[in-house]
Amino acid sequence: EPEVTQTPSHQVTQMGQEVILRCVPISNHLYFYWYRQILGQKVEFLVSFYNNEISEKSEIFDDQFSVERPDGSNFTLKIRSTKLEDSAMYFCASSEALGSDLQGEQFFGPGTRLTVL
Amino acid sequence: QKEVEQNSGPLSVPEGAIASLNCTYSDRVSQSFFWYRQYSGKSPELIMSIYSNGDKEDGRFTAQLNKASQYVSLLIRDSQPSDSATYLCAVKSMGGNKLVFGAGTILRVKS
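Read top to bottom, the protein sequences are chains A and D. First residue of the first sequence: 1, per the working numbering; consecutive thereafter. First residue of the second sequence: 118, per the working numbering; consecutive thereafter.
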């Protein structure tokens, strides 16, 4: 069964450093997302991406964050100048185009645990 | 602020019983509703989606939606210890793609 994959599974970084989290969405999906979950808290939406551009972003997704689809398979989240409060699980998700019978069911990858020291 | 509310639990049920999980949402134009299961330290796993008022059944799971009451529920029949997890309700509004999640209900199935 197709699945979303993410690398690395765990990333430890020093405050102020840049990190890149990588995702390979399900191959026939056209919408891609990043969510995060701080330990013990809700899953929070960060950004959605379609047709090589951001389609929606939350107030959390400020200039510190950027997303990119560098090739036909990868989808990346870059966090510049990481802060302690960026420590969280970061989940990538993907969905088929809207208008399909599945109406945007989002499938999540296993996540990257980011620890900022 | 669009909110999705769930009772945090834990909800404890004996093995073989029916577990009933509830969720309310504040945004009246919400269009799509999802239940995810999340084991500790793992990612959300989609188990049910529902878009129209009424019931939708899939195996041991039944999702119920009442848009007038802004209420969605998940019933798990014949609960098993492996069903013990946090169940997340997620809502998608019309015209947008993002999911708004509730905080989740912890379910414990006792053998």
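Every residue, glycine too, gets a C-beta built ideally from N, C-alpha and C. Every value quoted in this text rests on a predicted model; they were computed, and no experiment measured them.
- Contact between the segment 17-36 of chain A and the segment 72-79 of chain A is established, with three or more Cβ pairs separated by less than 8 Å.
- Nearest to glutamate 18 of chain A by alpha-carbon distance, out of A/Lys83, A/Ala93, A/Gly40 and A/Ser94, is A/Lys83.
- Each of A/Val116, A/Thr115, A/Arg113 and A/Ala93 was checked against the Cα of serine 48 of chain A, and the nearest Cα belongs to A/Ala93.
- Listed along chain A, no residue sits closer than 7 Å to glycine 126 of chain D by beta-carbon distance, the nearest being about 14 Å off.
- The segment 147-163 of chain D makes contact with the segment 200-211 of chain D: 3 or more CB pairs, one atom from each, lie closer than 8 Å.
- When CB distances to chain A are screened at a threshold of 9 Å, the residues of the segment 194-226 of chain D falling below it are Leu205, Ala207, Lys209, Gly213, Asn214, Lys215, Leu216, Val217, Phe218, Gly219, Ala220 and Gly221, in chain order.
- Residue pairing by DSSP puts glycine 171 of chain D in a beta bridge opposite D/Leu182.
- If you draw a 10 Å sphere on the C-beta of valine 189 of chain D, you find 16 or more other C-beta atoms in it, and that means buried.
- Around the beta carbon of glycine 111 of chain A, a 10 Å sphere encloses 16 or more other beta carbons of the protein chains shown; the residue is thus reported as buried.
- With a beta-carbon spacing of about 18 Å, arginine 145 of chain D and glutamine 181 of chain D fall beyond the 8 Å limit used to define contacts.
- The C-beta of proline 8 of chain A comes no closer than 7 Å to any C-beta of chain D.
- Note: glutamine 6 of chain A is bridge-paired with A/Cys23 in the DSSP secondary-structure output.
- Residue pairing from DSSP places glutamate 44 of chain A in a beta bridge opposite A/Arg36.
- Taking 7 Å as the threshold, the shortest C-beta distance from serine 129 of chain D to chain A does not fall below it.
- By the CB criterion at 7 Å, phenylalanine 107 of chain A and tyrosine 35 of chain A fall outside the cutoff.
- Burial is judged here by how many other beta carbons sit within 10 angstroms of a residue's own beta carbon; glutamine 37 of chain A has at least 16 and is buried.
- The beta-carbon of glutamate 3 of chain A is placed no less than 7 Å from the nearest beta-carbon of chain D.
- Excluding its 5 nearest sequence neighbours in each direction, glutamate 3 of chain A has C-beta neighbours in its own chain below 8 Å: Ile26, Phe107 and Gly109, listed in chain order.
- Following the DSSP letters along the chain, one finds threonine 141 of chain D inside the beta strand (DSSP E) bounded by residues 136-142.
- Counting only residues of its own chain and dropping the five nearest sequence neighbours on each side, arginine 69 of chain A has a CB closer than 8 Å to the CB of Phe32, Phe49, Asn52, Phe75 and Thr76.
- Glutamate 56 of chain A belongs to the set of residues whose beta carbon lies under 7 Å from a beta carbon in chain D.
- Pairing lysine 215 of chain D with glutamate 56 of chain A, the inter-Cα distance amounts to about 8 Å.
- For proline 25 of chain A, no CB of chain D lies under 7 Å from its own CB, so it is not counted at the interface with that chain.
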